[in-house]
Structure formats: C-alpha cells, structure tokens
Amino acid sequence: MTGGCCVTASRPRAGIALLAALCGLMLIALLVAGGVASVNAAQRSAATSLATGMLLTSSDDALTDAVAGWRAEALDSLLVGQTAIVPWSDASTGMKGQVSVTALPRGAFWLAAEVWSPSSEQIRRRSNLMVQRPATTDSLGRALPPRPIVSGAWARLFQPQ
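Sequential numbering of the sequence shown, starting at 129, is according to our numbering.
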C-alpha cells in the first residue's frame, strides 16, 4: 500500500500568482493614468482661469481707451447705423483686440470690444458698453465726452469654431 492514509491529491495552482501580479500592475497603471489626467485637467483649468482674468481686464481697458480717445478717432462724425472699427492693443500684456463703435439714434453709441491673447487666439472675450453724448459743451465750447448708459458682458469667454 503506497501513499498511506494521510496523503491527499492536491491540484496544481500554476498561474495564480502571475494572474494576481498582472491584475495588480493593471490597477497601478489605471491609477497612474487617472492621476496624469487629473493633473492635466487642473493645469488647463488654471490656465483658463488666468486667461479669463486677463481678458476680463483687457476688454474693459479696450472700452475705456475707446471712450478716452473719442475725439482722436472722430467718432462723433458717425451717422446713425454706421460702424467704425478701432484697433486696440496693450503692450504690457500683449493682448490685442478691436472695438466696434456703432452710432445709434439720439446721440447714443454702442461699443463692442473683442480681445484675445496672441499666444492663444482660441480664447476671446467680448464686452459691450452703451454711451450717450451729452447735449452740453464744456467752458471752451468743446463737446463733452460720452457718458455710459449701460455696461455689461454679453459673451465672457468663447472659443470660435
């Protein structure tokens, strides 16, 4: 009698350790890929947030510069319905843009500024401002600069198609 009463047949467990190691490696790879994707999304979000802030300030600056340079651009000579395009740039930030000025009835004007960064022309910001020309003049007989009626952003950030 060979084998005796205490010997049992055991099944071979070949390959279980290899399968467990491969599953562990796949799990680690998925965690690393998720971490890399999360970091990339956070970097894009931070860059967009920074661009938003700069574009917000720049679009307001473009509108302010258009009103400040009102006489130099001869915008009072626009007839109702006519539009003039005033280029704009800021050397300190590198932002570029343009302001379109449209003459409306009763001495009102609609200014629409669109600005963008030369490094990322895909992200732009538009703001608008309505101004009205006062009917009075200053002590020297010059027309007073226009005063704001309504101001607001109608497209904060957009990516052109």
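In this text, a Cβ means the ideal position worked out from N, Cα and C, and glycines have one as well.
Just so it is clear, the structure is predicted and the values come from calculations on it, not from any experiment.
Could you spell out the range, first to last residue, of the beta strand (DSSP E) harbouring residue 229?
For the purposes of this step, residue 229 is taken as residue 101 along the sequence shown, with counting starting at 1. 224-231 is the span of the beta strand (DSSP E), which, as asked, contains residue 229.
Alpha carbon of residue 177 to alpha carbon of residue 261, nearest angstrom:
Locating residue 177 in the sequence shown gives position 49, counting from the first residue. Locating residue 261 in the sequence shown gives position 133, counting from the first residue. C-alpha separation (whole angstroms): 36 Å.
Given that a residue counts as buried once 16 or more other Cβ atoms are within 10 Å of its Cβ, and exposed if not, what is residue 156?
For the purposes of this step, residue 156 is taken as residue 28 along the sequence shown, with counting starting at 1. By the neighbour-count rule (16 or more Cβ atoms within 10 Å), residue 156 is not buried but exposed.
Could you pull the start and end residues of the alpha helix (DSSP H) that residue 185 belongs to?
Taking the first residue of the sequence shown as position 1, residue 185 is located at position 57. Taken as a continuous stretch (DSSP letters only), the alpha helix (DSSP H) holding residue 185 covers 144-196.
Residue range of the beta strand (DSSP E) that residue 243 falls in?
Against the sequence shown, residue 243 aligns to sequence position 115. Residue 243 -> beta strand (DSSP E) spans 236-245.
Test item: CB-CB of residue 190 and residue 225 under 8 Å
On the sequence shown, residue 190 is found 62 positions in, with the first residue counted as 1. On the sequence shown, residue 225 is found 97 positions in, with the first residue counted as 1. Result yes, Cβ atoms of residue 190 and residue 225 sit closer than 8 Å.
So, helix, strand or coil for residue 257, using DSSP?
As a first step, residue 257 must be located in the sequence shown, where it is residue number 129. Residue 257 falls in the strand class under three-state DSSP.
Please check the pair residue 230 and residue 211, which I expect to be a contact at CB under 8 Å, by giving their CB distance rounded to whole angstroms.
Against the sequence shown, residue 230 aligns to sequence position 102. Against the sequence shown, residue 211 aligns to sequence position 83. Going by Cβ atoms, the distance from residue 230 to residue 211 rounds to 5 Å, so yes, they are a contact pair.
With DSSP as the reference, please indicate the residues paired to residue 217 in a beta bridge.
Translated into the one-based positions of the sequence shown, residue 217 becomes position 89. Residue 217 is bridged to 224.
Measure the C-alpha to C-alpha separation of residue 227 and residue 164 and round it to an integer number of angstroms.
In the sequence shown, the residue the question calls residue 227 occupies position 99. In the sequence shown, the residue the question calls residue 164 occupies position 36. Distance between the alpha carbons of residue 227 and residue 164 is about 41 Å.
Assigned secondary structure, residue 282 (DSSP; H/G/I helix, E/B strand, else coil):
If you number the sequence shown from 1, residue 282 lands on position 154. Any reading at residue 282 must be qualified, since the residue scores a pLDDT of 49, below 50, and its modelled position is unreliable; the value itself is stated next. Reduced to three states, the DSSP call for residue 282 is strand.
Residue from 245, 236, 218 with nearest C-alpha to residue 205
As a working note, residue 205 is residue 77 in the sequence shown. Among 245, 236, 218, the Cα nearest to that of residue 205 is on 236.
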